[in-house]
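Take a look at the structure set out below.
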Amino acid sequence: MWKLEAVIAQDFEPMLALRIAAVQESLERIGRFDPERARLRFQEGFEPAFMQHIVTEQDGRVGFFTLKPRSEGQVLRLVHLYLQPGSQSQGAGSWVMDRIKQQARASGCDITLAALKLSRANDFYQRHGFRLVEQREFDNEYRWSPAMEQRA
1 MWKLEAVIAQ
11 DFEPMLALRI
21 AAVQESLERI
31 GRFDPERARL
41 RFQEGFEPAF
51 MQHIVTEQDG
61 RVGFFTLKPR
71 SEGQVLRLVH
81 LYLQPGSQSQ
91 GAGSWVMDRI
101 KQQARASGCD
111 ITLAALKLSR
121 ANDFYQRHGF
131 RLVEQREFDN
141 EYRWSPAMEQ
151 RA
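Counting from 1, one number per residue, gives the positions in the sequence shown under UniProt numbering.
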């Protein structure tokens with residue numbers, strides 16, 4: 001049903017538009033939506049080597065994610081996981097999360113990420129076994145470890 005495709009530099013603009021569509025409501029909820037800031041932040045973290053498109057046969061590209069190794073080792077950082085609003089709650093995010101966790105298990109890595117406060121993404125990550133480890137002004141920081149599954 002879903003597959004992954006590589007990201008190239010020319011994908012920046014459509015990926016930025018998708019990201020804005022996916023997060024605008026959450027950013028507005030906390031009073032932080034600014035299209036120019038969104039562009040700059042995305043541009044700073046745009047690294048195609050660590051990014052993948054989420055693709056369906058019928059709809060084409062419906063989302064993307066960025067998964068980067070952290071410098072402290074044994075940690076993968078999920079920087080982005082965005083789906084077009086019309087493609088949310090249809091299983092693609094869970095499908096991607098399963099693949100990311102498989103990769104983390106195989107390499108013995110934890111996964112960290114941040115989610116905007118008041119975003120529905122918080123519920124999604126908690127349903128997938130991520131634990132809240134820190135609350136910041138605008139974000140919640142989460143962590144998942146393969147060891148968590150062994151204890152459960």
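For every residue, glycine included, the Cβ atom is placed at its ideal position computed from N, Cα and C.
Note that this is a predicted model, so its numbers are computed, not measured.
- The Cβ-Cβ distance between K3 and V62 does not fall below 7 Å.
- The region 24-41 makes contact with the region 115-122: 3 or more CB pairs, one atom from each, lie closer than 8 Å.
- For secondary structure counted as the beta strand (DSSP E) over 3 or more consecutive residues, the region 44-68 holds these complete runs in sequence order: 51-56.
- D98 places its beta carbon 7 Å or farther from that of R143.
- Here Q52 is buried. Its C-beta has 16 or more other C-beta atoms within 10 Å.
- Rounded to the nearest angstrom, the gap between the Cα atoms of K68 and D59 is 27 Å.
- G73 sits exposed, since fewer than 16 C-beta atoms from the chains shown fall within 10 Å of its C-beta.
- In the structure shown, Q88 falls within a coil segment according to DSSP collapsed to helix, strand and coil.
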